[in-house]
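Going line by line, the protein sequences match chains A and B.
For the first sequence, the numbering used here assigns the number 799 to the initial residue and increments by one for each residue that follows.
For the second sequence, the numbering used here assigns the number 11 to the initial residue and increments by one for each residue that follows.
These notes concern the structure reproduced below.
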Amino acid sequence: MDWSAVLGQALTQAVGIQAIIYCLAAIGLNMQFGYTGLLNFGQAGFAAVGAYAIAVLVVTFDWGLWPSMAMGILGAIVLALLLGVPTLRLRADYLAIVTIAAAEVIRLVSRSVTFNDVFGGSDGITGKFAAEFYALNPFIAVDPEFSGLTLGPLRYTRNDSWIWLAGWALIAIVLLIFWLLVRSPWGRVLKSIREDEDAARSLGKNVYLYKMESLIIGGVIGALAGFVFAASSQSVQPDNYATALTFFAYTVLILGGAARVLGPVAGTIVFWFLIVFIGEFLTGALRAGWIPDELLRPDQIGQVRFMLVGLGLMLLMIFRPQGMFGDRRELALDAR
Amino acid sequence: MPADRAAETGRPPASYVTRVLGEVPCQPGVPKPDAILIATDVHRQFGGLTAVDVAHLEVQRGSITALIGPNGAGKTTLFNLLTGFDRPDTGQWTFNGESIARMPAHRVARSGMVRTFQLTKVLSRLTVLENMRLAAPHQIGEEVYAAVLPFLWRRQERIVTDKAMRLLRQFNLAEKAQDFAGSLSGGQRKLLEMARALMTDPVMVMLDEPMAGVNPALTQSLLAHIRDLRESGMTVLFVEHDMDMVRDISDWVVVMAQGQIIAEGPPASVMADARVIDAYLGAHHDRPLTADGQSLTRADAEVSSP
Ligand SMILES: Nc1ncnc2c1ncn2[C@@H]1O[C@H](COP(=O)(O)OP(=O)(O)OP(=O)(O)O)[C@@H](O)[C@H]1O
Ligand SMILES: [Mg+2]
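In structure tokens form, the structure reads like this:
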């Protein structure tokens, strides 16, 4: 087996485009779930709104990319309001039910035959809708012959290099704002709502308003994940925005440690490293004949790596329930 | 009346309250000369159970009023109703001359009526100091726009922190400032909740069993604090089961049983009241307290009042 290829691939993906997408989705969830205690199970829906906004508006309606992005953000805000207004006054479970359902509705509507001309049905939309973004590729501006970025073991193609750079820059900006928010008195109110919203109310805090702000901010960050997702492949497919996206984002968040600013970054790197490493390792091991064919077929690797990652997560929850960045002291308190 | 009080600045307000309340007859629902809280016909039913059925209640401004009654009398439910944590079936009440019935809880708190909970609600995964800072009113940094611009709120945060530490020292919690509130003992949680309520600069504090689980030595200093609150012009309404404590600090005692107010008066006279003793000891079960208890107790109260 070519270990350096396996490791190189795993490291490239650990900080790659997928990792960026899930990191952003998880940062949004961190605001909602980690800091406010809101169970948004529809982060895929927010990402879909962002992704479809740029694809549909640019391809079908001939808008520019930047105004389309603005519409995507506006769309996420509207979605947060639609989901939040009826549920945020109720118990926490209502938001969970409504968000998971809404995300599925968004996916099913966008893949439906009825709206084929707008959303492209189950095939989605493919087109050069992120061309305006790729035109700004600074690597090409510097070096017209640029063929891709190589940083040690990390390798990215021409276009991927630019969206990779822009993606991590976006994460840095989002995290800076996020950090400023959660360490402010505003963030303190969010945490108090997570701990006990009646206590927050008894101290004069308008709990409903803060929950709404948190839901909106987290949803907009989810839409940013959708932008990166759509722009990186210059296509949107409805089934990429199924509940799995949401739950992987939760996995990333919990792996890294909820209510920690850098939790999603650590979580996404470890998550994608493990997924890719295990997949590549199993493929290599099969090829080298280390694993007997009757035990594992090549087409089963995809499933098996998730089983192994799931096992790893279980062990993590048993031995380090606070995630990698979490504070064990905080968890011990819940025992009371 | 407030003008009256202002004219008496030379005198401690406590004696003023005692004197004024001394002239009020001992009847359930009796009007007070300067009531900060006036509630009428407050009714709350849970299924077939009438938890609260208060015909009229007034709380004198600047007084320490105790609300007592047996378990299940409806004291906590009445607190919940008055502070917006529960909705009444019927009822009107004003606070400081403003109608606050059915107002959301956070607006009640902002209007100056702040409560604590019988089952403490500390914010476990916030430090004790953060619990205190949270409670400070009018924080610029609580606006989402200002939150990202620390220079807008840093100065205020310092002032808030100083105030929080001052209160924590008063409540013997200063050494715990950096600990998670979830690591506090039951009694310490009671103390933190009370200190936190005071961070909001309340006009009136509603304390639901503030002394439950607090050790006797600390109880004495807490009683002193509550007296200080009165000296600084605050109104205190508190629920308490310990009669010695009630006798010790309250200017006025309101007795609830089965949702109704069955007696009112200064501590000495209320505790001598046979019906209050009955309600507490559960004697004379043959005597109707609910059916037409209202008229009965009123009549009795008039007989027994001096
Ligand atoms: N949410 C609720 N649902 C149903 N019944 C309730 C509810 N809250 C209170 N009750 C009932 O209302 C009555 C009054 O309860 P409440 O908690 O006000 O009593 P309390 O006077 O505070 O008693 P304690 O001194 O034990 O704290 C009780 O009989 C209780 O069972
Ligand atoms: Mg009670």
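Even glycine gets a Cβ: it sits at the ideal position worked out from N, Cα and C.
Note that this is a predicted model, so its numbers are computed, not measured.
Below-7 Å beta-carbon distance, residue i vs any chain B residue
i	result
residue 983(A)	yes
residue 880(A)	no
residue 1117(A)	no
residue 990(A)	yes
residue 874(A)	no
residue 1014(A)	no
residue 1004(A)	yes
residue 825(A)	no
residue 997(A)	yes
residue 1094(A)	no
residue 973(A)	no
residue 1136(A)	This structure does not reach residue 1136(A), given that chain A is present from 799 up to 1134, and the question cannot be answered.
residue 968(A)	no
residue 822(A)	no
residue 987(A)	yes
residue 1022(A)	no
residue 979(A)	yes
residue 994(A)	yes
is_contact[residue i, chain A] using C-beta, thresh 7 Å
i	result
residue 86(B)	no
residue 201(B)	no
residue 185(B)	no
residue 108(B)	no
residue 13(B)	Bear in mind that a pLDDT of 44 at residue 13(B), under 50, signals an unreliable position, so the number given afterwards is only what the model happens to contain. No, its Cβ sits nowhere closer than 7 Å to a Cβ of chain A.
residue 131(B)	yes
residue 295(B)	Per-residue confidence for residue 295(B) stands at a pLDDT of 44, beneath the threshold of 50, marking its modelled position as unreliable; the derived number appears in the next sentence. Cβ-Cβ to chain A under 7 Å: no for residue 295(B).
residue 144(B)	yes
residue 119(B)	yes
residue 164(B)	no
residue 222(B)	no
Reduced DSSP secondary structure (H/G/I, E/B, other) of residue i
i	result
residue 215(B)	strand
residue 295(B)	Model confidence at residue 295(B) stands at a pLDDT of 44, short of 50, so the residue's coordinates are unreliable and nothing is read from them.
residue 272(B)	strand
residue 1094(A)	coil
residue 318(B)	Only positions 11 to 316 of chain B appear in this structure, which leaves residue 318(B) out of reach.
residue 74(B)	strand
residue 862(A)	coil
residue 804(A)	helix
residue 172(B)	helix
residue 89(B)	helix
residue 221(B)	coil
residue 124(B)	strand
residue 282(B)	coil
residue 878(A)	helix
residue 119(B)	helix
residue 277(B)	helix
residue 36(B)	coil
Check: residue i C-beta below 6 Å from any heavy atom of ligand 1
i	result
residue 85(B)	yes
residue 1046(A)	no
residue 1004(A)	no
residue 82(B)	yes
residue 1083(A)	no
residue 273(B)	no
residue 1075(A)	no
residue 61(B)	yes
residue 56(B)	yes
Bridge partner(s) assigned by DSSP for residue i
i	result
residue 960(A)	Residue 960(A) pairs with nothing; no bridge assigned.
residue 952(A)	949(A)
residue 992(A)	For residue 992(A), which the question treats as bridged, DSSP gives no partner whatsoever.
residue 249(B)	77(B) and 218(B)
residue 103(B)	49(B)
residue 60(B)	55(B)
residue 262(B)	75(B)
residue 108(B)	105(B)
residue 267(B)	270(B)
Any non-hydrogen atom of ligand 2 within 6 Å of residue i CB
i	result
residue 128(B)	yes
Any non-hydrogen atom of ligand 4 within 6 Å of residue i CB
i	result
residue 1111(A)	You won't find ligand 4 in this model; what it holds is ligand 1 and ligand 2.
Neighbouring residues, chain E, relative to residue i (Cβ below 8 Å)
i	result
residue 151(B)	Although the question refers to chain E, the structure presented lacks it and instead comprises the protein chains A and B.
Q) Hey, which unbroken runs of the alpha helix (DSSP H) at 4 residues or more fall wholly within the segment 1030-1095 of chain A? A) Counting only unbroken stretches of 4 or more residues, the alpha helix (DSSP H) elements lying wholly within the segment 1030-1095 of chain A are 1041-1054 and 1061-1085, in sequence order.
Q.
Ignoring anything shorter than 4 residues, give me the alpha helix (DSSP H) runs that lie fully in the segment 132-210 of chain B, in order along the chain.
A. With a minimum length of 4 residues, the unbroken runs of alpha helix (DSSP H) contained wholly in the segment 132-210 of chain B fall at 138-145, 154-157, 160-180 and 196-209.
Q | Secondary structure, beta strand (DSSP E): runs of 3+ residues fully inside the segment 881-941 of chain A | A | Whole beta strand (DSSP E) segments, 3+ residues: zero.
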